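Undergrad: Dropping a structure here in structure tokens format, bear with me for questions.
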Amino acid sequence: MFKPKLIVFDLDFTIWPLYSDAHVSPPFHIDDSGKVRDSRFAEVPVYKDTKKILSSLHSQGFKIGIASRSTDPEGANQLLSLYNFNQYISFKEIYPGSKVNHFKRLKADSGVQFSDMMFFDDENQNIMEVGGLGVHCVLVREEMTSDLVHKALEQFSKKQ
Ligand SMILES: [Mg+2]
Numbered sequence: 002m003f004k005p006k007l008i009v010f011d012l013d014f015t016i017w018p019l020y021s022d023a024h025v026s027p028p029f030h031i032d033d034s035g036k037v038r039d040s041r042f043a044e045v046p047v048y049k050d051t052k053k054i055l056s057s058l059h060s061q062g063f064k065i066g067i068a069s070r071s072t073d074p075e076g077a078n079q080l081l082s083l084y085n086f087n088q089y090i091s092f093k094e095i096y097p098g099s100k101v102n103h104f105k106r107l108k109a110d111s112g113v114q115f116s117d118m119m120f121f122d123d124e125n126q127n128i129m130e131v132g133g134l135g136v137h138c139v140l141v142r143e144e145m146t147s148d149l150v151h152k153a154l155e156q157f158s159k160k161q
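Numbered according to this note's numbering, the sequence shown terminates at residue 161, and the numbering increases by one at each position without gaps.
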């Protein structure tokens, strides 16, 4: 069964249900009950399957990357750190601009060819641009779920 060598996730509306550079106000912190909150004490959640997906893929030996166009890389990195997601992530590209740039750097840093990468994102524009490189792209219509990842891996294995 053919598998991707690098699985890349967008952040906003893929990993968590918000724009981390617009809907919430950094800096972020963890409250007494363990919830991540912003500077106005609003809760900053992630999708319910996110941790399960990242830890499961990581334990299966997949390399994981992040490609985000966030205008606040510091805030996004702080959230990844507070949620303890960095332990699963090998490559991070977080800055504005076309995601073609993000993926060129991911390829250079990881040594993985575009055809061996899989990418999850909620925006059609990113899917079109990155898909043009030859990356197997999956549009996230609602939210990241374990089921969506499972189906995408199945599809990838058939495509080769
Ligand atoms: Mg997004």
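Idealized CB from N, CA, C, for every residue including glycine.
Since we're looking at a predicted model, the values are computed, not measured.
State the beta-bridge partners of Gln44 as determined by DSSP.
TA: First, the amino acid is wrong: residue 44 is Glu here, not Gln. BP columns for Glu44 point to Arg38.
Undergrad: So the alpha helix (DSSP H) Phe104 belongs to, where does it begin and stop?
TA: From DSSP, the alpha helix (DSSP H) with Phe104 extends over 100 to 111.
Undergrad: Using C-beta distances below 7 Å, list every residue in its chain close to Asn102, excluding the 5 sequence neighbours before and after it, in chain order.
TA: No residues qualify anywhere along the chain.
Undergrad: Looking at ligand 1, does it come within less than 8 Å of Glu124, judged from the CB to the closest heavy atom?
TA: Yes - ligand 1 has a heavy atom lying nearer than 8 Å to the Cβ of Glu124.
Undergrad: Do you know offhand how far Lys159's Cα is from Tyr89's?
TA: Cα to Cα, Lys159 sits roughly 26 Å from Tyr89.
Undergrad: Looking at the unbroken beta strand (DSSP E) that takes in Glu94, where does it start and where does it end?
TA: Counting along the chain, the beta strand (DSSP E) containing Glu94 begins and ends at 92 to 95.
Undergrad: Hey, is Thr15 close to ligand 1, as in C-beta under 8 Å from one of its heavy atoms?
TA: Because some heavy atom of ligand 1 lies under 8 Å away, the Cβ of Thr15 counts as near it: yes.
Undergrad: Return helix, strand or coil for Ile8, following the three-state DSSP convention.
TA: DSSP places Ile8 in strand when its eight states are reduced to three.
Undergrad: Report buried or exposed for Met119, applying the criterion of at least 16 other Cβ atoms within 10 angstroms of its Cβ.
TA: With 16 or more other Cβ atoms within 10 Å, it is buried.
Undergrad: Leu58: beta carbon under 8 Å from a heavy atom of ligand 1?
TA: It does not: the Cβ of Leu58 is nowhere closer than 8 Å to a heavy atom of ligand 1.
Undergrad: By DSSP, does Gly66 sit in helix, in strand, or in coil?
TA: Correct three-state label for Gly66: strand.
Undergrad: Taking 8 Å as the threshold, find out whether the region 108 to 124 comes into contact with the region 63 to 83 through three or more Cβ pairs.
TA: Flag = yes, the region 108 to 124 and the region 63 to 83 touch.
Undergrad: Which residue or residues does DSSP assign as beta-bridge partners of Met145?
TA: In DSSP, Met145 forms no bridge with anything.
Undergrad: Figure out for me which residue from Ala153, Val150, Asp123 has the closest Cα to the Cα of Arg142.
TA: For the residues Ala153, Val150, Asp123, the minimum Cα distance to Arg142 belongs to Asp123.
Undergrad: Check each candidate in Tyr96, Ser91, Lys100 and name the one with the smallest Cα separation from Met110.
TA: For clarity, residue 110 is Asp in the given sequence; the question names Met instead. Nearest of Tyr96, Ser91, Lys100 to Asp110, Cα basis: Ser91.
Undergrad: Quick check on His24: does DSSP put it in helix, strand or coil?
TA: Reduced to three states, the DSSP call for His24 is coil.
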